[in-house]
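These notes are about the structure you will find just below.
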Amino acid sequence: MFNPQARWDRNLPADAGDKSEAVEVTARFIKGKIIPLCFILKENRCNISRINYSWTARKGRGLIYYFSVSDKSDDYRIFLDAEAMSWRLLTE
């Protein structure tokens, strides 16, 4: 019998509700790679100086592209929901 609580993709950060917030991201798409350059957080522009790590995860039929990034003072985790075409910032 199908158990909807057992779904592997049930608690992905894209479904986190108030654990993430929408952000506006400027990114480059080069030869199949996504390279975030900066994002707007509470009306402040955060220039990304380094991509520390990136990975992908499935959400149903779509993909979520995660990025651990740094500006000159802080670290952030942002992600792109490719199905919804929206960027979000994890605020855990």
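Once you know that position 45 of the sequence shown is 54 in our numbering, the rest is easy, because the numbers rise by one and skip nothing. Where is the CB? At the ideal position from N, CA and C, for every residue including glycine.
Alpha carbons only, please: which of M94, G41, I57 and R70 is nearest the one belonging to S77?
The residue labelled residue 77 in the question sits at position 68 within the sequence shown. S77 has its Cα closest to that of I57, out of M94, G41, I57 and R70.
In the structure shown, what three-state DSSP assignment does F42 receive?
Against the sequence shown, residue 42 aligns to sequence position 33. A quick correction: the sequence has Lys, not Phe, at residue 42. Strand, per DSSP.
Alpha carbon to alpha carbon, how far is D83 from Y62?
By 1-based counting over the sequence shown, the position of residue 83 is 74. By 1-based counting over the sequence shown, the position of residue 62 is 53. For D83 and Y62, the distance between alpha carbons rounds to 15 Å.
With a CB to CB cut of under 8 Å and the five nearest residues on each side skipped, what residues in its chain are close to I87?
The count along the sequence shown starts at 1 and reaches residue 87 at position 78. Once the five neighbours on either side are set aside, the close Cβ partners of I87 are V32, V34, P45, F48, Y75, F76, V78, W96, R97, L98 and L99.
Please list the terminal residues of the continuous beta strand (DSSP E) segment that includes R70.
As a working mapping, residue 70 is identified with position 61 in the sequence shown. First-last for R70: undefined, no H or E at that position.
Under DSSP, the beta strand (DSSP E) around E30 begins and ends at which residues?
Here residue 30 corresponds to residue number 21 of the sequence shown, with the count starting at 1. Start and end: S29 to A31.
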